[in-house]
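Q: Before anything else, here's the structure in question.
Numbering (this note's numbering), first residue to last: 1236 to 1635.
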């Protein structure tokens, strides 16, 4: 991965401009940036700066690395630069000393104009640089290998070793430039490869997924959902960060019908989007005689409360990305990965985990984790629902 010719993670329309940009950046880096004075550091207290322009799922899985780093460097300090939209994941993390906001315009999903996104980008970049100037870091690690890394910060901060991917430009500013492996990979595998640069040697089997959230969420979720009375609970999280990865309502309707017919679960629908609220309303209309088992918690629970709810759940049914990662920390989970990146973002779980996906290149691939199963499907249809229900019944039976 290190020392290979630069390989851009982008279509030609993007990679060609990046190559031109990197001619300038590489010239600057050789002539000035990499001749910078050696940064003095305290060897007894390593200081690591992590950067990510990603979203909640990216922030959650990034946090899985922090215990491994602290295990290798017990006295270390960890700071993180991330978009403020990651606060629900990172603000309560016990391994982070300082969380610094930089809202990258290219990954900002807020419903504001492009101009407003770039204005916010510039404002938060300036503020981040002012804070970062106060520190000298042993190493900086930008974990973003697709769009929008934050390497542009490097000339403005003091760091002994800058590590990251050169796959989306500005790679010349890095002291150790990584590139993606050929073929399919898990995103945490490539991050773990970078950690070897700071003396952390671990694999996927060493990761113990976690999410720290305020204890008060366990109380507030029961206050908001007073019907939780100890009956078996199923969390339904039918949304993702990408609309193209949603499953049609018809799929959820026939799946929920089977769950209502063949189990005695309470079903709680979680999410933030109007589509999820519409789905839960439709399910209530479809099964009026069982409305007491269908509960809509859309736009009413914080992320911490969703985690607390998952702790109480017997099982969760989710789409890909954040819901799959979060729920599988706390309970057995069935996830549907439609039009996603396959193996790259399969969840690491603490409980039995079943993933249905239609990613052709991940067809015969899986993760070497206890209880993990992936199934390639051409379509998300009734056969998939039947397999999911069978797996649920088998998992519940084993637990009993």
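No residue lacks a Cβ here, since even glycine has one placed at the ideal position from N, Cα and C.
Only a predicted model underlies this, so the values are computations on that prediction, with no experimental measurement involved.
Considering just the uninterrupted stretch of the beta strand (DSSP E) at residue 1376, what are its terminal residues?
A: 1371–1377
Q: Assuming residue 1560 and residue 1587 are in contact, meaning their beta carbons sit under 8 Å apart, how far apart are those beta carbons, in whole angstroms?
A: So it is not a contact: roughly 15 Å between Cβ atoms.
Q: First and last residue of the alpha helix (DSSP H) that includes residue 1488?
A: 1484–1497
Q: With respect to the alpha helix (DSSP H) encompassing residue 1393, which residues constitute its N-terminal and C-terminal limits?
A: Counting along the chain, residue 1393 sits inside no alpha helix (DSSP H); it lies in the beta strand (DSSP E) bounded by residues 1393–1400.
Q: Counting only the same chain and skipping the five closest in sequence on each side, list residues whose C-beta sits under 8 Å from that of residue 1542.
A: 1446, 1448, 1452, 1561, 1564, 1565
Q: Closest to residue 1345 by CA distance: which of 1366, 1551, 1321, 1330 is it?
A: 1321
Q: What residue ranges within the region 1291–1344 form continuous alpha helix (DSSP H) runs of no fewer than 4 residues, ordered along the chain?
A: For the region 1291–1344, whole alpha helix (DSSP H) runs of length 4 or above, ordered along the chain, are 1291–1298, 1301–1307, 1322–1325.
Q: If you drop the 5 nearest sequence neighbours on each side, which residues of the same chain put their C-beta closer than 7 Å to that of residue 1426?
A: 1300, 1378
Q: By the 10 Å Cβ neighbour count, where 16 or more other Cβ atoms means buried, how is residue 1256 classified, buried or exposed?
A: exposed
Q: Between the alpha carbons of residue 1325 and residue 1375, how many angstroms are there, rounded?
A: 18 Å
Q: Take residue 1493 and list the residues in its own chain whose beta-carbon comes closer than 8 Å to its own, dropping the five residues that flank it on each side.
A: 1620, 1621, 1624
Q: Could you tell me the distance, in whole angstroms, from the CA atom of residue 1397 to the CA atom of residue 1337?
A: 18 Å
Q: Applying the criterion that 16 or more other CB atoms from any shown protein chain within 10 Å of the CB defines a buried residue, is residue 1292 buried or exposed?
A: Looking at its Cβ environment, which holds 16 or more other Cβ atoms inside 10 Å, residue 1292 is buried.
Q: May I ask you to verify whether the region 1531–1540 touches the region 1406–1416, counting CB pairs closer than 8 Å and requiring at least 3?
A: no
Q: Per DSSP, what kind of secondary structure is residue 1554 in: helix, strand or coil?
A: strand
Q: Taking its Cβ as the centre, do 16 or more other Cβ atoms sit within 10 Å of residue 1467, making it buried, or is it exposed?
A: exposed
Q: Following the continuous beta strand (DSSP E) through residue 1512, name the residue where it begins and the one where it ends.
A: No beta strand (DSSP E) holds residue 1512; the alpha helix (DSSP H) holding it covers 1509–1521.
Q: Evaluate residue 1385 with the Cβ neighbour count: other Cβ atoms within 10 Å of its Cβ, from every protein chain shown; 16 or more gives buried, anything less gives exposed.
A: buried
Q: Taking the alpha carbon of residue 1462 as the reference point, which residue from 1430, 1502, 1482 has its own alpha carbon closest?
A: 1502
Q: Hey, residue 1484 and residue 1390 are a contact pair by Cβ (cut 8 Å); roughly how many whole angstroms apart?
A: About 50 Å; that fails the 8 Å criterion.
Q: By how many angstroms is the C-alpha of residue 1476 removed from the C-alpha of residue 1350?
A: 22 Å
Q: Are the region 1566–1582 and the region 1590–1601 touching by the rule of at least three beta carbon pairs closer than 8 Å?
A: yes
Q: According to DSSP, is residue 1278 helix, strand or coil?
A: coil
Q: So the alpha helix (DSSP H) residue 1411 belongs to, where does it begin and stop?
A: Run containing residue 1411: none in the alpha helix (DSSP H); it sits in the beta strand (DSSP E), 1411–1413.
Q: Residue 1362: buried (16+ other C-beta within 10 angstroms of its C-beta) or exposed?
A: exposed
Q: How many angstroms separate the CA atom of residue 1460 from the CA atom of residue 1387?
A: Spanning the two alpha carbons is a distance of roughly 46 Å.
Q: Comparing C-alpha positions only, which one of 1340, 1469, 1289, 1404 sits nearest to residue 1637?
A: Only positions 1236 to 1635 of the chain appear in the structure, and residue 1637 is not among them; the question remains open.
Q: Assuming contact is defined by CB atoms lying nearer than 8 Å, are residue 1471 and residue 1552 in contact in what I supplied?
A: yes
Q: Judging by CA-CA distance, which residue of 1454, 1407, 1456, 1605 is the nearest neighbour of residue 1266?
A: 1407
Q: Going along the chain, which unbroken runs of the alpha helix (DSSP H) with 4 or more residues stay wholly within the region 1403–1438?
A: 1422–1430
Q: Going by DSSP, what residues sit across from residue 1506 in a beta bridge?
A: 1533
Q: Let me check understanding here. Comparing Cα to Cα, which of 1304, 1628, 1404, 1308 lies closest to residue 1380?
A: 1404
Q: On the DSSP bridge assignment, give the partners of residue 1592 in chain order.
A: 1572, 1611
Q: What residue range does the alpha helix (DSSP H) around residue 1255 cover?
A: 1247–1266
Q: Tell me which residues share the same chain as residue 1455 and place their Cβ nearer than 7 Å to its Cβ, disregarding the 5 neighbours each side in the sequence.
A: Around residue 1455: 1540.
Q: Output the distance between the C-alpha atoms of residue 1357 and residue 1478, rounded to the nearest integer angstrom.
A: One Cα belongs to residue 1357, the other to residue 1478, and the distance between them is close to 28 Å.
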